[in-house]
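Everything in the sequence shown is counted per this note's numbering, starting at 362 for the first residue and increasing by one.
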Amino acid sequence: GQVWEQVPYNPQLHQADVNDIAEGELVFVRFVGYKDGSRILCPAKVSRTRPFS
362 GQVWEQVPYN PQLHQADVND IAEGELVFVR FVGYKDGSRI LCPAKVSRTR PFS
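Structure follows, in structure tokens:
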């Protein structure tokens with residue numbers, strides 16, 4: 362996804378900023394992640410809220 366895009370949380374693809382986000386819960390992408398084919402090099406950093414919301 363793109364920065365501040367809202368996506369369903371997937372613990373295989375995302376690193377959450379808190380520990381209580383459930384799989385499938387809508388989150389915002391804070392920093393994009395990187396993949397090499399199907400291998401996750403760096404998970405995307407996600408947050409439940411946007412800043413200043």
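Glycine included, C-beta positions come from ideal geometry on N, C-alpha and C.
Just so you know, these numbers come straight off a predicted model, no measurement behind them.
Neighbour-count burial assignment, residue i, 16 or more Cβ in a 10 Å radius
i: V379; result: exposed
i: F413; result: exposed
i: V364; result: exposed
i: V393; result: exposed
i: A383; result: exposed
Where residue i falls: helix, strand or coil (DSSP)
i: D378; result: coil
i: A405; result: strand
i: Y395; result: strand
i: P334; result: Residue numbering for the chain in the displayed model covers 362 to 414; residue 334 lies beyond these limits and cannot be assessed.
i: F413; result: coil
Length of the line joining the Cα atoms of residue i and residue j
i: G385; j: Q376; result: 13 Å
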